[in-house]
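What follows is a short report on a single structure.
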Amino acid sequence: MTLADDDTNDEPSVTIRCQDNASVGVTFCDRFNFDADSVHYAVELRAPGLTARVNEVVAWIWDSDLAPFLEELAADYRGWGGERSWQTNDRDLAVSAVFRSGGHVGLTWTLRPWPKVTGGWGASVTTWLEAGEQMASLAAEIRHFLAGEQQ
Numbered sequence: 212m213t214l215a216d217d218d219t220n221d222e223p224s225v226t227i228r229c230q231d232n233a234s235v236g237v238t239f240c241d242r243f244n245f246d247a248d249s250v251h252y253a254v255e256l257r258a259p260g261l262t263a264r265v266n267e268v269v270a271w272i273w274d275s276d277l278a279p280f281l282e283e284l285a286a287d288y289r290g291w292g293g294e295r296s297w298q299t300n301d302r303d304l305a306v307s308a309v310f311r312s313g314g315h316v317g318l319t320w321t322l323r324p325w326p327k328v329t330g331g332w333g334a335s336v337t338t339w340l341e342a343g344e345q346m347a348s349l350a351a352e353i354r355h356f357l358a359g360e361q362q
C-alpha cells in the first residue's frame, strides 16, 4: 500500500509499505532544488533489522525519472514476464519490478550510495503492491513528490 504521510510537518513525502509485511517500507522525503535542472531528495529503506538512507538522490530533468517507469508498470496491470528495472543516472537508487500471479507487483528498491567507491554499501527491500490501482496511485504520488506538488 502507498500513502502520502500525514506527518505534522508540511514537508512532502511518500511512503510505500509492503502489503505482505507492513514493517517493510520505503520513504521518499526531504525534497529540495539547487537549480531548475534537478531535484534532490532522500530515500529511506526499512525492514526488520534494517534502516538505510541516502540523503541526496538526484533526479535530472533530462533523465527518465521514476514516475514514468511506475506508470508503465501500472498500465501493464495484467502482468509481464521477467524483470523490469530503472535507476538514477548516478545509480544510487535502483528499482526492479516483477509480476507474480494474483495481480501483484514486487518492487525491489536498492540504495547504493557512491557505487564506484571501494568499501561502499548497498541495501535493498522488496515491497509487494497490487497491480493496477496501487501502482497507479504510487506513480501519481511519486510524480507529485518529484514535482514539488502537495496532494
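Residues in the sequence shown are numbered from 212 upward in steps of one, following our numbering.
The beta carbon of each residue, even a glycine, is placed where N, CA and C say it ideally should be.
Taking all protein chains shown into account, decide if residue i is buried (16 or more other Cβ within 10 angstroms of its Cβ) or exposed.
{"i": "alanine 358", "result": "exposed"}
{"i": "tryptophan 339", "result": "buried"}
{"i": "arginine 289", "result": "exposed"}
{"i": "valine 265", "result": "buried"}
{"i": "arginine 323", "result": "buried"}
Based on DSSP bridge pairs, tell me the residues matched to residue i.
{"i": "histidine 251", "result": "Phe243, Val269"}
{"i": "glutamate 222", "result": "Answer is none; glutamate 222 lacks a bridge partner."}
{"i": "threonine 363", "result": "Residue coverage of the chain in this structure runs from 212 to 362, which leaves residue 363 outside it and unanswerable."}
{"i": "serine 307", "result": "Ser296, Thr319"}
{"i": "arginine 264", "result": "Glu255"}
Taking residue i as part of the alpha helix (DSSP H), name the residues at either end of that continuous run.
{"i": "alanine 285", "result": "277 to 286"}
{"i": "leucine 344", "result": "Before going on, a small fix: residue 344 reads as glutamate here, not leucine. Looking at the DSSP string, the run of the alpha helix (DSSP H) that includes glutamate 344 is 344 to 358."}
Short of 7 Å in beta carbon distance, which residues of its chain neighbour residue i, apart from the five on each side in sequence? Order them along the chain.
{"i": "alanine 286", "result": "none"}
What residue range does the beta strand (DSSP E) around residue i cover?
{"i": "glutamate 294", "result": "294 to 298"}
Taking 6 Å as the limit between beta carbons, can you name the residues of its chain near residue i, skipping five residues before and five after?
{"i": "isoleucine 272", "result": "Asp248"}
Within a Cβ cutoff of 8 Å, which residues of the same chain sit near residue i, ignoring the five residues on either side of it in sequence?
{"i": "leucine 349", "result": "Thr213, Val225, Ile227, Leu281, Ala285, Leu340"}
Query - contact_flag[the region 234 to 242, the region 332 to 348] where n(CB pairs < 8 Å) is 3 or more - result: yes
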